[in-house]
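The structure appears below as structure tokens.
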Amino acid sequence: MTHLQKTAFGLFISLFTCLILGGCVKKKTEAPLHKDLPQLIEAGELTVVTLYSSTSYFQYRMEEMGYEYELIKDFAQSHNLTINLKIAENSSRLVEMLLAGEADVVAYPIQVDNELKESVIYTGQERQSAQVLVQRANRRDTILTDVTQLIGREVYLQAGTPYAQRLDNLNDELGGGILIRYIEKDTINTEDLIGMVSRGEIPYTVSDEMTARLNKTYHWNINLNLPVSFPQRASWIVSRQSPLLAAAIDEWAAGQTGQQSYRAVVKRYFELSKQPFDGITPTVKDGQISPYDHLFKKYAADLGWDWQLLASIAYQESHFNPQAVSWAGAEGLMGIMPGTARAFGVSPHEVKDPEISIQTAVKVLKSFRRRFEEFEKKEEVIKLTLASYNAGVGHVYDAQILAEKTGKDPTIWDNNVSEGIRMKSDPQYYNDPDIKHGYLRATETLNYVYDVMNRYAFYKEATETR
Numbered sequence: 012m013t014h015l016q017k018t019a020f021g022l023f024i025s026l027f028t029c030l031i032l033g034g035c036v037k038k039k040t041e042a043p044l045h046k047d048l049p050q051l052i053e054a055g056e057l058t059v060v061t062l063y064s065s066t067s068y069f070q071y072r073m074e075e076m077g078y079e080y081e082l083i084k085d086f087a088q089s090h091n092l093t094i095n096l097k098i099a100e101n102s103s104r105l106v107e108m109l110l111a112g113e114a115d116v117v118a119y120p121i122q123v124d125n126e127l128k129e130s131v132i133y134t135g136q137e138r139q140s141a142q143v144l145v146q147r148a149n150r151r152d153t154i155l156t157d158v159t160q161l162i163g164r165e166v167y168l169q170a171g172t173p174y175a176q177r178l179d180n181l182n183d184e185l186g187g188g189i190l191i192r193y194i195e196k197d198t199i200n201t202e203d204l205i206g207m208v209s210r211g212e213i214p215y216t217v218s219d220e221m222t223a224r225l226n227k228t229y230h231w232n233i234n235l236n237l238p239v240s241f242p243q244r245a246s247w248i249v250s251r252q253s254p255l256l257a258a259a260i261d262e263w264a265a266g267q268t269g270q271q272s273y274r275a276v277v278k279r280y281f282e283l284s285k286q287p288f289d290g291i292t293p294t295v296k297d298g299q300i301s302p303y304d305h306l307f308k309k310y311a312a313d314l315g316w317d318w319q320l321l322a323s324i325a326y327q328e329s330h331f332n333p334q335a336v337s338w339a340g341a342e343g344l345m346g347i348m349p350g351t352a353r354a355f356g357v358s359p360h361e362v363k364d365p366e367i368s369i370q371t372a373v374k375v376l377k378s379f380r381r382r383f384e385e386f387e388k389k390e391e392v393i394k395l396t397l398a399s400y401n402a403g404v405g406h407v408y409d410a411q412i413l414a415e416k417t418g419k420d421p422t423i424w425d426n427n428v429s430e431g432i433r434m435k436s437d438p439q440y441y442n443d444p445d446i447k448h449g450y451l452r453a454t455e456t457l458n459y460v461y462d463v464m465n466r467y468a469f470y471k472e473a474t475e476t477r
């Protein structure tokens, strides 16, 4: 064997040995599918997935809100983490996204399931929630106290929902007799049905306890005391590969109960009244609507609107009370949100000054109106602007898209964009990929535009006939 052959043979043996022992080849280490708390803190970001809903996450007047959202935001801030928020289409997708490594935590109550426990850790505050009968509780109403009393009575539900499935099962358990009525219109959801019970349009519906509790803050005259199912345990979830994250959430949740910040969140969503100031219009005396008429006249000129319209907005927002604060944090005579105040350079102590409040509202209204000025009819521009002031202009853009998709006119409010607004309470529509701002409590915005415009017409007639 020549020297060259010996050298080549030696190299071959060395390479073969390295390959067998794995000492000469650097293996590529793949990043773990799920991060745990140390990696999250190092990255400075927590990826959260939740659902659009009135209890979990929504956008209102251009601010992010929701019970679950505020809680997970508090946890993230306690560990100096920013939130990367993702929205799933339904609860099944929440779990899928977590297991696929697309999220670090599901900030939405997931029912405790023994099979799922093999893949996830249930963490944070455990809730026990049943489905409940929603019934009106006015003075002369008869309150049902036992499910057997439902026999022979009508209960209205959306077809294909967990509530419909549960009531079907209950009906079987009772041997039949409950008159289950399904709502055919696809833009009516459970929260709409609760409102219909409150107004006496239907006698009963069924909801989960959490949604029902929130809706009681809109409708004082509903009773939620009759469960129609056993309580279900539920909590947030993280991956089995994130035990330190789960432990941190558990520790944070254990310390929340007595915290003032936690109580404030619970109060905001489940206790403070969210009923809008009533649509009743006060008497106009001697041509004067309010003590602030001179300010409405001064700043309405800049907007190019009648001053009575500004007065109507102020009444809707605060009943002319410059110290008013809404459940969502809107303050002052014109209901200025904290984020809006910051954006327009208004300090917290200035927001309750009547003149600054009106001046700021006019700037906001002008910025919204500018988006619709190419439309021909001035009254439609006003209505679209009012809807934007109440809900946020993003929701109105979404409603215009939905209106156009369903063959309606995106430049007309009544029976057109207003129908798009109504659709934004339905997951079938707010989960549409073209819709960017998600869930909206549509009835609030629809009533807002209606009430403000009707009151404006009354104010105008009452002050111009003198």
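For reference, each letter of the sequence shown is one residue, going 12 to 477 in our numbering. The beta-carbon is built from N, C-alpha and C at its ideal position, and this holds for glycine as well.
Query - Val-239 in three-state terms, based on DSSP - result: For this step, residue 239 is matched to residue 228 along the sequence shown. In the structure shown, Val-239 sits in coil (DSSP, three-state: anything other than H, G, I, E or B).
Query - DSSP three-state assignment for Asp-115, whether helix, strand or coil - result: Here residue 115 refers to the residue found at position 104 when the sequence shown is read from its first residue. Three-state result, Asp-115: coil.
Query raised in the report: beta strand (DSSP E) containing Thr-58: first to last residue?
Result: Numbered from 1 along the sequence shown, position 47 holds the residue referred to as residue 58. Residues 56-61.
Report task. Answer with buried or exposed for Tyr-459, where buried requires no fewer than 16 other C-beta atoms within 10 angstroms of its C-beta. Result -> The residue given as residue 459 occupies position 448 in the sequence shown. Under this definition Tyr-459 is a buried residue.
Query raised in the report: On the three-state DSSP scale, how would you describe Glu-472?
Result: Translated into positions along the sequence shown, residue 472 becomes position 461. Residue state, collapsed to three classes: helix.
Query raised in the report: Which of the three DSSP states, helix, strand or coil, is assigned to Leu-92?
Result: Numbered from its first residue, the sequence shown carries residue 92 at position 81. If DSSP states are grouped into helix, strand and coil, Leu-92 belongs with coil.
Query raised in the report: So what's Asp-364 in DSSP terms, helix, strand or just coil?
Result: Residue 364 sits at position 353 when you count from the first residue of the sequence shown. It is coil, neither helix nor strand.
Query - Closest by C-alpha distance to Tyr-193, when choosing among Gly-171, Gly-211, Arg-210 - result: Numbered from its first residue, the sequence shown carries residue 193 at position 182. The candidate whose alpha carbon is nearest that of Tyr-193 is Gly-171.
Query raised in the report: Quick one: what's Asp-219 bridged to in DSSP?
Result: Counted from its first residue, the sequence shown places residue 219 at position 208. Gln-142, per the DSSP bridge assignment.
Query raised in the report: Excluding the five sequence neighbours on either side, which residues of its own chain have a C-beta within less than 6 Å of the C-beta of Lys-37, listed in chain order?
Result: As a working mapping, residue 37 is identified with position 26 in the sequence shown. Low per-residue confidence applies at Lys-37: pLDDT is 43, beneath 50, and the placement is therefore not dependable, though the value from the model is reported in the following sentence. Taken in chain order, the list of residues that qualify is empty.
Requested in this report: Give the straight-line distance between the Cα atoms of Met-221 and Thr-66, rounded to the nearest whole angstrom.
Outcome: Counted from its first residue, the sequence shown places residue 221 at position 210. Counted from its first residue, the sequence shown places residue 66 at position 55. Rounded to the nearest angstrom, the two C-alpha atoms are 8 Å apart.
Query raised in the report: In or out: Leu-256 buried (at least 16 other Cβ within 10 Å) or exposed?
Result: Within the sequence shown, residue 256 is the residue found at index 245, counting from 1. Buried, since its Cβ has 16 or more Cβ neighbours within 10 Å.
Query - Start-end ranges of the beta strand (DSSP E) lying completely within the stretch 131-209, minimum 3 residues - result: 131-140, 142-147, 165-169, 190-194
Report task. Could you tell me whether the stretch 259-273 touches the stretch 320-332, where touching means 3 or more Cβ pairs closer than 8 Å? Result -> no
Query raised in the report: What are the boundary residues of the beta strand (DSSP E) that Gln-70 is part of?
Result: Your numbering for residue 70 matches position 59 in the sequence shown. Run containing Gln-70: 69-71, per the beta strand (DSSP E) assignment.
Report task. Note down, in chain order, each residue of its chain lying with its Cβ closer than 7 Å to the Cβ of Phe-86, except the 5 sequence neighbours on either side. Result -> Stepping through the sequence shown from its first residue, residue 86 is reached at position 75. Here the set comprises Ile-260, Trp-263.
Report task. May I ask you to report which of helix, strand or coil DSSP gives Glu-430? Result -> Mapped onto the sequence shown, residue 430 falls at position 419. In this structure, Glu-430 counts as helix in the three-state DSSP scheme.
Query raised in the report: With 16 as the cutoff for other CB atoms within 10 Å, does Trp-247 come out buried or exposed?
Result: Along the sequence shown, read from residue 1 onward, the residue named residue 247 stands at position 236. The residue in question, Trp-247, is buried, as its Cβ has 16 or more Cβ neighbours within 10 Å.
**Report entry** Straight-line Cα distance separating Ala-339 from Glu-53
**Finding:** Within the sequence shown, numbered from 1, the residue matching residue 53 stands at position 42. Within the sequence shown, numbered from 1, the residue matching residue 339 stands at position 328. About 34 Å.
**Report entry** Three-state secondary structure assigned by DSSP to Ser-64
**Finding:** Along the sequence shown, one-based indexing puts residue 64 at 53. In this structure, Ser-64 counts as strand in the three-state DSSP scheme.
Requested in this report: Following the continuous beta strand (DSSP E) through Met-76, name the residue where it begins and the one where it ends.
Outcome: Translated into positions along the sequence shown, residue 76 becomes position 65. 74-76 is the span of the beta strand (DSSP E), which, as asked, contains Met-76.
**Report entry** Proximity winner among Ser-284, Ile-213, Val-131, Ile-94, relative to Glu-75 (alpha-carbon distances)
**Finding:** Counting from one through the sequence shown, the residue named residue 75 turns up at place 64. Checked all of Ser-284, Ile-213, Val-131, Ile-94; the closest Cα to Glu-75 is Ile-94.
Query raised in the report: Apart from the five residues on each side of it in sequence, which residues of its chain come closer than 8 Å, Cβ to Cβ, to Ala-468?
Result: One-based indexing of the sequence shown puts residue 468 at position 457. None.
Query - Integer Cβ distance of Tyr-119 from Thr-61, believed to fall under 8 Å - result: Your numbering for residue 119 matches position 108 in the sequence shown. Your numbering for residue 61 matches position 50 in the sequence shown. About 5 Å separates the two Cβ atoms, so the contact holds.
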